[in-house]
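Each residue of the sequence shown is one higher than the last, beginning at 170 in the working numbering. Backbone N, C-alpha and C define an ideal beta-carbon position, used for all residues, glycine too. None of the values given here were measured: they were computed from a predicted structure.
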Amino acid sequence: MNIAVVGTGYVGLVTGVSLAEVGHHVRCIDLDTKKMEQLKSGRATIWEPGLEELMVKNMAKGRLFFTTEYEIGLENAEVIYIAVGTPEKEDGSADIQYVEEAAKTIAKFVRNDALVVIKSTVPVGTNDKIYSILQDNLIRDITVDMVSNPEFLREGTAIQDAFRGDRIVVGAHNLKAIEVMERVNKPFGIPIFKTDIRSAEMIKYASNAFLATKISFINEIANICERVGANVDLVAQGMGMDERIGSKFLKAGIGYGGSCFPKDTKALIQIAGNVQYDFDLLKGVVQVNQKQQMILVDRLLDRFTSLKGKRVTVLGLTFKPNTDDMREAASIIITNTLITLGADVICYDPVAMEQAMNLLHDQVKFADSMKEALLESEAALLLTEWDEFKEIDLDVYQLMKSPIIFDGRNCYPPEVMAEKQIEYYSIGRPKIPPLTYVK
Numbered sequence: 170m171n172i173a174v175v176g177t178g179y180v181g182l183v184t185g186v187s188l189a190e191v192g193h194h195v196r197c198i199d200l201d202t203k204k205m206e207q208l209k210s211g212r213a214t215i216w217e218p219g220l221e222e223l224m225v226k227n228m229a230k231g232r233l234f235f236t237t238e239y240e241i242g243l244e245n246a247e248v249i250y251i252a253v254g255t256p257e258k259e260d261g262s263a264d265i266q267y268v269e270e271a272a273k274t275i276a277k278f279v280r281n282d283a284l285v286v287i288k289s290t291v292p293v294g295t296n297d298k299i300y301s302i303l304q305d306n307l308i309r310d311i312t313v314d315m316v317s318n319p320e321f322l323r324e325g326t327a328i329q330d331a332f333r334g335d336r337i338v339v340g341a342h343n344l345k346a347i348e349v350m351e352r353v354n355k356p357f358g359i360p361i362f363k364t365d366i367r368s369a370e371m372i373k374y375a376s377n378a379f380l381a382t383k384i385s386f387i388n389e390i391a392n393i394c395e396r397v398g399a400n401v402d403l404v405a406q407g408m409g410m411d412e413r414i415g416s417k418f419l420k421a422g423i424g425y426g427g428s429c430f431p432k433d434t435k436a437l438i439q440i441a442g443n444v445q446y447d448f449d450l451l452k453g454v455v456q457v458n459q460k461q462q463m464i465l466v467d468r469l470l471d472r473f474t475s476l477k478g479k480r481v482t483v484l485g486l487t488f489k490p491n492t493d494d495m496r497e498a499a500s501i502i503i504t505n506t507l508i509t510l511g512a513d514v515i516c517y518d519p520v521a522m523e524q525a526m527n528l529l530h531d532q533v534k535f536a537d538s539m540k541e542a543l544l545e546s547e548a549a550l551l552l553t554e555w556d557e558f559k560e561i562d563l564d565v566y567q568l569m570k571s572p573i574i575f576d577g578r579n580c581y582p583p584e585v586m587a588e589k590q591i592e593y594y595s596i597g598r599p600k601i602p603p604l605t606y607v608k
């Protein structure tokens with residue numbers, strides 16, 4: 170089918186490339202000239218494993234095209250995806266102005282009957298609003314229908330998720346629209362969950378809010394474990410074996426970040442507030458996460474009392490591994506706080522150094538390698554569980570002036586760190602486990 174994708178951010182680019190890979194003819198539209206020139210040259214604008222290779226492959230096959238012109242991008246389009254950003258407003262709600270602008274422009278340039286699919290994460294009721302905008306601004310006598318098709322891509326595994334997802338959620342007002350989406354998505358071989366539009370919009374928010382809740386819950390359990398002498402890794406493992414709970418998103422650490430969980434939890438709180446419902450549980454999830462992001466700084470202060478003049482290494486700046494995304498990453502607030510407390514901060518991340526230089530405090534220093542970052546350091550904070558950090562020879566920490574590690578992602582076994590004579594602090598685990606457990 171002929172498909173147009175409006176917006177080439179994270180969701181739009183992955184969506185466009187994936188649709189082209191299963192055989193559709195896809196035109197991606199974005200008004201950012203610099204970004205489009207980079208994409209046309211075969212270089213992806215985001216760091217996502219496997220994405221650039223698929224992009225180049227489908228461009229070469231003539232199934233994937235990039236343009237800044239709506240008139241060109243919408244030519245003969247049977248399905249038009251809107252995948253523009255919905256940034257957070259000051260009150261926590263989602264800003265849908267870019268979705269509205271895209272709809273008005275689509276109405277101006279679309280020349281044939283088409284299905285408009287909102288892929289962006291939008292508040293409940295947005296699809297109906299966008300449908301009205303389309304109807305009010307169409308300049309040709311054509312039929313345009315709406316579908317809500319929220320995305321469930323995880324950064325770092327987005328390509329895998331696109332082709333091996335748990336479900337594809339499709340919300341529509343009529344069976345004809347559902348049938349079109351079944352044709353579009355049939356090559357993926359993923360179950361399609363069909364529902365009404367407003368339920369589809371809510372599924373996205375409810376899913377992310379629930380996962381964020383699991384993360385905040387296990388972090389609270391971790392903090393209790395430390396006080397009672399339990400090991401959160403074993404607690405989470407035992408919990409996860411219960412099929413009613415499951416093992417995913419029970420990894421204790423310094424909280425969630427990224428483009429979805431922080432934004433979507435606050436947006437859902439606002440959605441509830443708009444209908445006079447006080448979502449106390451989710452408010453608690455957000456508060457717990459904010460507190461958890463600062464836990465390593467608190468432990469640094471407990472250990473050193475003062476950080477003034479201390480050389481502190483920060484390893485990992487992205488909110489999770491296998492992405493260059495630093496949106497809502499704990500590294501931002503942590504490094505800013507360390508600088509405020511007078512520490513001499515030096516950072517290293519395998520892929521996000523360019524972004525970090527634009528986002529972190531101007532007093533933060535940057536290293537070209539993990540070894541350089543650790544040299545003569547008095548403490549190290551591990552914030553992202555990159556394989557490079559997990560798999561490295563632990564003797565690298567002997568480069569430090571004093572090997573003292575504050576591990577925010579529980580990357581190393583405490584007993585191994587004790588054998589290496591490394592002072593080691595993790596989340597929710599005893600410094601040295603009282604028993605050796607048979608695996």
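Item to check | His490, buried or exposed, once every other Cβ within 10 Å from all chains shown has been counted against 16 | outcome: On the sequence shown, position 321 is the one that residue 490 refers to. Reading off the sequence shown, one finds Pro at residue 490, where the question assumed His. Residue environment: Pro490 is assigned as buried (16 or more neighbouring CB atoms within 10 Å of its CB, all protein chains considered).
Checklist entry - Under a Cβ-count criterion, where at least 16 other Cβ atoms within 10 Å of its own Cβ denotes burial, should Ser317 be classed as buried or exposed? => result What you label residue 317 is simply residue 148 of the sequence shown in a count that begins at 1. Counting the other CB atoms within 10 Å of its CB gives Ser317 a total of 16 or more, which places it among the buried residues.
Next on the checklist: Please tell me whether Val293 and Glu412 are closer than 8 Å, where the distance is taken between their beta carbons.
Outcome noted: As a first step, residue 293 is located in the sequence shown; it is residue number 124 there, counting from the start. As a first step, residue 412 is located in the sequence shown; it is residue number 243 there, counting from the start. For Val293 and Glu412, no; Cβs fall outside 8 Å.
Item to check | Met569 and Ser546 closer than 8 Å at C-beta | outcome: One-based indexing of the sequence shown puts residue 569 at position 400. One-based indexing of the sequence shown puts residue 546 at position 377. Yes, these two residues count as a Cβ contact at 8 Å.
Item to check | Met586 classed as buried or exposed, judged by whether at least 16 other C-beta atoms fall within 10 angstroms | outcome: For the purposes of this step, residue 586 is taken as the residue at position 417 of the sequence shown. Met586 is buried by the Cβ-count criterion.
Item to check | Supposed close pair Ile265, Val248 - CB separation, criterion 8 Å | outcome: In the sequence shown, residue 265 corresponds to position 96, counting from 1. In the sequence shown, residue 248 corresponds to position 79, counting from 1. So it is not a contact: roughly 20 Å between Cβ atoms.
Checklist entry - Does the segment 347 to 359 touch the segment 370 to 379, meaning 3 or more C-beta pairs lie closer than 8 Å? => result The answer is no - the segment 347 to 359 does not touch the segment 370 to 379, with fewer than three Cβ pairs under 8 Å.
Checklist entry - Closer than 8 Å, CB to CB, is Arg367 near chain B or not? => result The structure shown contains no chain B, having only a single protein chain.
Item to check | Nonlocal neighbours in the same chain, by C-beta distance under 7 Å from Asp531, ignoring five residues either side | outcome: Residue 531 sits at position 362 when you count from the first residue of the sequence shown. Correct list: empty, nothing qualifies.
Checklist entry - Pick from Gly409, Gln304, Asn505: whose alpha carbon is nearest that of Met463? => result Position 294 of the sequence shown, counted from the first residue, corresponds to residue 463. Cα-wise, what sits closest to Met463 is Asn505.
Checklist entry - Can you tell me whether Leu223 is buried or exposed, with buried defined as 16 or more other CB within 10 angstroms of its CB? => result Indexing the sequence shown from 1 puts residue 223 at position 54. The residue in question, Leu223, is buried, as its Cβ has 16 or more Cβ neighbours within 10 Å.
Next on the checklist: Alpha carbons only, please: which of Thr295, Leu182, Gly231, Tyr179 is nearest the one belonging to His193?
Outcome noted: For this step, residue 193 is matched to residue 24 along the sequence shown. Closest by alpha carbon: Gly231.
Checklist entry - What do you reckon, are the CB atoms on Ile169 and Val349 nearer than 8 Å? => result One cannot answer for residue 169 here, as it falls past the ends of the chain, which runs 170 to 608.
Checklist entry - Quick one: is Ile438 buried, meaning 16 or more other Cβ sit within 10 Å of its Cβ, or exposed? => result Residue 438 sits at position 269 when you count from the first residue of the sequence shown. Result: buried.
Checklist entry - Which one or two residues does DSSP pair with Thr236 in a beta bridge? => result If you number the sequence shown from 1, residue 236 lands on position 67. Ile198.
Next on the checklist: Less than 8 Å between the C-beta atoms of Gly422 and Gly577, yes or no?
Outcome noted: In the sequence shown, the residue the question calls residue 422 occupies position 253. In the sequence shown, the residue the question calls residue 577 occupies position 408. Yes. Within cutoff.
Checklist entry - Looking only at DSSP bridge pairs, what is Asp365 linked to? => result Working through the sequence shown from its first residue, we reach residue 365 at position 196. Beta-bridge annotation (DSSP): Asp365 is not paired with any residue.
Item to check | Residue range of the beta strand (DSSP E) that includes Tyr593 | outcome: In the sequence shown, counting from the first residue as 1, residue 593 sits at position 424. First-last of the beta strand (DSSP E) with Tyr593: 592 to 594.
Next on the checklist: Taking 8 Å as the cut-off, does the segment 484 to 504 touch the segment 449 to 466 (at least 3 CB pairs, one atom from each stretch)?
Outcome noted: Segments in contact, yes.
Item to check | Ser416 to Pro319 span [Cα, whole Å] | outcome: For the purposes of this step, residue 416 is identified with residue 247 of the sequence shown, where counting begins at 1. For the purposes of this step, residue 319 is identified with residue 150 of the sequence shown, where counting begins at 1. Take the alpha-carbon of Ser416 and the one of Pro319: they are about 24 Å apart.
Next on the checklist: For a minimum of 4 consecutive residues, which ranges assigned as the alpha helix (DSSP H) are wholly contained in the segment 526 to 566?
Outcome noted: If only complete runs of 4 or more residues are kept, the segment 526 to 566 shows the alpha helix (DSSP H) at 539 to 543, 556 to 559, in order along the chain.
Item to check | Rounded separation between Gly261 and Lys432 - CA only | outcome: Taking the sequence shown and counting its residues from 1, the one referred to as residue 261 is at position 92. Taking the sequence shown and counting its residues from 1, the one referred to as residue 432 is at position 263. Take the alpha-carbon of Gly261 and the one of Lys432: they are about 7 Å apart.
Checklist entry - Which parts of the segment 468 to 525 are runs of the alpha helix (DSSP H), unbroken and 4 residues or longer, counting only runs that do not cross its ends? => result Within the segment 468 to 525, the complete alpha helix (DSSP H) runs of at least 4 residues are 499 to 509.
Item to check | Leu604 in three-state terms, based on DSSP | outcome: Locating residue 604 in the sequence shown gives position 435, where the first residue counts as 1. Bear in mind that the predicted position of Leu604 carries a pLDDT of just 49, short of 50, making it unreliable; the figure below should be weighed with that in mind. Here Leu604 sits in coil by DSSP.
Checklist entry - Hey, how far is the Cα of Ile241 from the Cα of Asp556? => result Position 72 of the sequence shown, counted from the start, is the residue given in the question as residue 241. Position 387 of the sequence shown, counted from the start, is the residue given in the question as residue 556. Straight-line spacing of the CA atoms in Ile241 and Asp556 works out to 43 Å.
Checklist entry - Exposed or buried, Leu450, counting other C-beta atoms within 10 Å across all chains shown (16 or more means buried)? => result Indexing the sequence shown from 1 puts residue 450 at position 281. A residue is called buried once 16 or more other Cβ atoms fall within 10 Å of its Cβ, and Leu450, having fewer, is exposed.
Checklist entry - In whole angstroms, what is the alpha-carbon distance linking Ser187 and Gln329? => result Start at 1 with the first residue of the sequence shown, and residue 187 comes out as number 18. Start at 1 with the first residue of the sequence shown, and residue 329 comes out as number 160. Looking at the two C-alpha atoms, the distance is approximately 10 Å.
Checklist entry - Based on Cα-Cα distance, which residue from Ala229, Glu190, Lys258 lies nearest to Thr434? => result Along the sequence shown, read from residue 1 onward, the residue named residue 434 stands at position 265. Of the candidates Ala229, Glu190, Lys258, the one whose C-alpha sits nearest the C-alpha of Thr434 is Lys258.
Item to check | Sequence-distant residues of its chain with Cβ nearer than 6 Å to Asn296 (five each side left out) | outcome: Within the sequence shown, numbered from 1, the residue matching residue 296 stands at position 127. Excluding its 5 nearest sequence neighbours in each direction, Asn296 has C-beta neighbours in its own chain below 6 Å: Ile287, Met315, Ser317, Ile366, listed in chain order.
Next on the checklist: Can you tell me whether Lys420 is buried or exposed? The criterion is at least 16 other CB atoms within 10 Å of its CB, across all chains shown.
Outcome noted: Counting from 1 along the sequence shown, the entry for residue 420 is found at position 251. Within 10 angstroms of the beta-carbon of Lys420 lie 16 or more other beta-carbons, which makes it buried.
Next on the checklist: According to DSSP, is Asp314 part of a helix, a strand, or is it coil?
Outcome noted: For the purposes of this step, residue 314 is identified with residue 145 of the sequence shown, where counting begins at 1. Looking at Asp314 - three-state DSSP - the assignment turns out to be strand.
Item to check | Beta-carbon spacing of Ala276, Leu303 below 8 Å | outcome: Here residue 276 corresponds to residue number 107 of the sequence shown, with the count starting at 1. Here residue 303 corresponds to residue number 134 of the sequence shown, with the count starting at 1. The Cβ atoms of Ala276 and Leu303 sit closer than 8 Å to each other.
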